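Written below as structure tokens is the structure these notes are about.
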Amino acid sequence: MGYLREAPNDWEPLRLTAEDGKPLPEVQLPSAETALEIFRWMVFGRIFDQRMLSLQRQGRIGTIGSIRGQEASAAGLGVALRQEDWLAGSYRELLTYLVHGVPAEALITLYRGGVPGPFPAGVRALPVQIVIGAQMPQAAGLGLALKLRQEPAAVVACCGDGATSEGDFHEGVNFAGAHGLPVVFFVQNNGWAISVPRARQTASATIAQKGFAYGMPAALVDGNDPLAVYEVCREALERARAGGGPSFVEAVTYRLGPHTTSDDPTRYRPDSEVQAHEGRDPLPRMRRYLEAAGIYPDGLQEQLEEEARTVLGEAVAAAELRPPVTPEQMFDLTWAKETPQAQRDRERSIAELREVGEL
Ligand SMILES: Cc1ncc(C[n+]2csc(CCOP(=O)(O)OP(=O)(O)O)c2C)c(N)n1
Ligand SMILES: [Mg+2]
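Add 653 to a position in the sequence shown, counting from 1, and you land on the number used in this note's numbering.
Next up, the structure:
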């Protein structure tokens, strides 16, 4: 008796700044330029979210998930990425896609049910994944390709807390660990997987510690502290690019908005919980940091909001001018070279659509 050991469960998330925006003692902080860049993207993400939700309410785009409250994680990660790195993410990382160079017009087109086309040349990002966890093995595959080609670049594989219950998540992380691939696994733990709370998702004290089981170092970070997220991701990405292998990051944050525009979160989470998290909103927290550091020019947020509205207004107009998607495009964009089976599927689908008068 007494042979069994418990995993340690006293791991506190890493923070570089306190809620009031003041830096914690003896921490190494990113430059003022980087901090301002992260803030600019956080503001862009907040305005993007508002705009997308209102477009959905006007019937101009389809169902979309809210990213409000998660801007620090998304922007901290996005700014840490380099152009040569690959991004494999989901609908909750739209801001990271924007930071990494995917134009807003492409994302708006996607949510209009249209075909955004390939992302611009040089933007290394997989399509926005909706199938929970499916991007994780794909990211491991990208990591294997980078390793075989000896490219000094990394892959970031993003998912949510709920996705860590999927088989795909474990297969992707395990494969990257077993083969020493240049992949950073980045879990945005926002407390909920639609209506399923984090506590029901896994019995482990942290999600971060799952990285250890797959043989890689891990970090637990305050996902509302964008500077901490940035520094942790920078270290993990540098390690991957330099051939040091995979690592695992859990960013603890909170989804302030609904899961998607089809969701009513008041049915499963108490107002008091949401209000408590509203008080920890990462955007004003980051602003307080910039002010305390004396690098916040008067009226910056208002100016950035205005700029974001202009960019998004143009992006919406351009997306709405794009022709509607055709059924053929579904096949054109799926296959580099169609198999005989895929050709038969294409012909049958088109014939059926003609028969019912849809074509
Ligand atoms: C394979 C699969 N199963 C179920 C769903 C339906 N679904 C969409 S989002 C979601 C919850 C995901 O939660 P989490 O991974 O925590 O990400 P979050 O939405 O909180 O960012 C589920 C179950 C899906 N899209 N794909
Ligand atoms: Mg979640």
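Just so you know, even glycine gets a beta-carbon here, dropped at the ideal spot from N, CA and C. Note that the coordinates shown come from a computational prediction; the quantities given were computed from them, not determined experimentally.
{"Asked": "Using DSSP's beta-bridge definition, name the partner residues of Ser1086.", "Found": "Since the first residue shown for the chain is 654 and the last is 1012, residue 1086 is missing from the structure and cannot be characterised."}
{"Asked": "Which first and last residues belong to the beta strand (DSSP E) in which Asn842 is found?", "Found": "836-842"}
{"Asked": "Among the residues of its own chain, which have a CB less than 6 Å from the CB of Glu973, if the five just before and after it don't count?", "Found": "none"}
{"Asked": "Collect the residues with a C-beta less than 6 Å away from any heavy atom of ligand 2 and give them in sequence order along the chain.", "Found": "Gly813, Asp814, Gly815, Asn843, Trp845, Ala846"}
{"Asked": "His930: beta carbon under 7 Å from a heavy atom of ligand 1?", "Found": "no"}
{"Asked": "Does the beta-carbon of Gln841, which I'm using as the reference point, lie nearer than 7 Å to any heavy atom of ligand 1?", "Found": "yes"}
{"Asked": "What is the rounded straight-line gap between the Cα of Tyr942 and the Cα of Thr979?", "Found": "48 Å"}
{"Asked": "Judging by CA-CA distance, which residue of Ala866, Ala904, Pro780 is the nearest neighbour of Glu665?", "Found": "Ala904"}
{"Asked": "Let's test the definition: count the other Cβ atoms within 10 Å of the Cβ of Ile720 and tell me whether it reaches 16, buried, or not, exposed.", "Found": "buried"}
{"Asked": "Count the other CB atoms, across all protein chains shown, that sit within 10 Å of the CB of Thr963; report buried if there are 16 or more and exposed otherwise.", "Found": "exposed"}
{"Asked": "Rounded to whole angstroms, what's the CA-CA distance from Ala829 to Gln711? Just pull it up for me.", "Found": "43 Å"}
{"Asked": "Candidates Pro977, Glu955, Met789: which alpha carbon is nearest Arg765's?", "Found": "Pro977"}
{"Asked": "Below 8 Å between beta carbons: does that hold for Ile691 and Ala728?", "Found": "yes"}
{"Asked": "Hey, would you say the C-beta of Ile717 is under 7 Å away from at least one heavy atom of ligand 1?", "Found": "no"}
{"Asked": "Taking C-alpha atoms, which residue in Arg892, Pro756, Pro780, Leu873 lies nearest to Phe701?", "Found": "Pro756"}
{"Asked": "Any idea which residues DSSP pairs Leu873 with across the strands?", "Found": "Glu903"}
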